[in-house]
Amino acid sequence: MRELNGKVALVTGAARGIGRAVAEVFVRAGAAVMIADLPTSDGATTAAALQRQGAQAAFVAADVNQDAEAMVAATVTRFGRLDILVNNAGVFYPADLLTTPFERWRQAVEVIYYGAVHCSRAAGQVMVAQGQGGRIINISSVNAFLGAAQSSHYNTAKGAVDQLTRCLAVEWAPHGILVNGVAPGFVETAMAVVDGVNEHETPDFQAFYVQRRRIPLARPAQPEEIAEAVLFLASPRCTYITGHTIVVDGGLSVTF
């Protein structure tokens, strides 16, 4: 079902993982997609792979904090308009507040939260000028409303993203721009690999999260499962939901 025919989407952090999965489901739904990621990423390779499948896709090398206006402008120049923004760019690494250098702690907030602010502002200006509404989907996390050791930087940033979702939904509703979020739990992506080891395959993860059913569905999500929720929020099927974050976590956040 090509429910995004004629739509143009910008997806940040789309070289791999959830962002790439979102780009893939979007092009299958008929959208033209601009893949935005760092110059050192696999973004160009991802765009080329989609192009070989006949998709309208392109890559822009950009930093979400420094290049938001440029990446939006590149999208409009390439495809003529902008209808959908997915704020997916993010980072994660353990960071103890007592010992981690503050610059390292702040990096997560700058990429995850301020990156979403800059990109939403740049995209929102274009959407308002176009006068045809739009969709902004912020990739959050269950960490936004759960506590975790060595994760105050990440959880704080994701919590701020959820509040940004609510505020922009109210502020931009008169322009027909729907702003929502998707909050994954554990997802099988490269971000789960630390020092070459996939945390989802370690005995500790298996024992605590799977065997003891901390995740009721007893497995991490695949990126495509998160992407399908994003597709719904970007599609014509979603017309009366704004300011909310859909949790896609296999039941993780409702257990104790």
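The sequence shown begins at 5 in this note's numbering and counts up by one.
Using N, Cα and C, we set each Cβ at its ideal position, and we do this for glycine too.
To which residues of the same chain is residue i closer than 6 Å at the C-beta, ignoring the five residues directly before and after it?
i: residue 231; result: 25, 26 and 29
i: residue 83; result: 12 and 36
i: residue 250; result: 186 and 233
i: residue 173; result: 183, 246 and 247
i: residue 98; result: 154
i: residue 55; result: 61
i: residue 138; result: 87, 131 and 181
i: residue 100; result: 154
i: residue 126; result: 72, 73 and 76
i: residue 156; result: 101
Could you give the DSSP three-state label for residue i: helix, strand or coil?
i: residue 260; result: coil
i: residue 150; result: coil
i: residue 95; result: coil
i: residue 44; result: coil
i: residue 4; result: No information on residue 4 is available, as it lies outside the stretch 5 to 260 that the chain covers here.
i: residue 64; result: strand
i: residue 79; result: helix
i: residue 138; result: strand
i: residue 126; result: helix
i: residue 36; result: strand
i: residue 230; result: helix
i: residue 51; result: helix
i: residue 225; result: strand
i: residue 22; result: helix
i: residue 235; result: helix
i: residue 250; result: strand
i: residue 116; result: helix
i: residue 242; result: coil
i: residue 8; result: coil
Excluding the five sequence neighbours on either side, which residues of its own chain have a C-beta within less than 8 Å of the C-beta of residue i, listed in chain order?
i: residue 245; result: 182, 184 and 237
i: residue 31; result: 37, 54, 57, 59, 60 and 61
i: residue 193; result: 20, 21, 22 and 227
i: residue 148; result: 159, 162, 163, 165, 166, 187 and 249
Note down, in chain order, each residue of its chain lying with its Cβ closer than 7 Å to the Cβ of residue i, except the 5 sequence neighbours on either side.
i: residue 122; result: 68, 69 and 72
i: residue 220; result: 254, 255 and 259
i: residue 134; result: 85
If residue i sits next to residue j, beta carbons under 8 Å apart, how far is it from one beta carbon to the other, in whole angstroms?
i: residue 253; j: residue 189; result: 3 Å
i: residue 33; j: residue 8; result: 4 Å
i: residue 75; j: residue 64; result: 5 Å
i: residue 143; j: residue 94; result: 7 Å
i: residue 257; j: residue 146; result: 5 Å
i: residue 117; j: residue 161; result: 5 Å
i: residue 191; j: residue 222; result: Incorrect: roughly 15 Å between the Cβ atoms, too far for contact.
i: residue 124; j: residue 141; result: The Cβ separation is near 10 Å, so there is no contact.
Does the contact criterion of 3 or more C-beta pairs under 8 Å hold for the segment 159 to 166 versus the segment 223 to 239? no
| message | My parser needs the beta strand (DSSP E) runs of 3 or more residues fully inside the segment 157 to 189; what are they? | response | 181 to 188
Sufficient close CB pairs (3 or more, under 8 Å) joining the segment 7 to 21 to the segment 44 to 60: yes
- [ ] Could you tell me whether the segment 96 to 114 touches the segment 128 to 143, where touching means 3 or more Cβ pairs closer than 8 Å?
- [x] no
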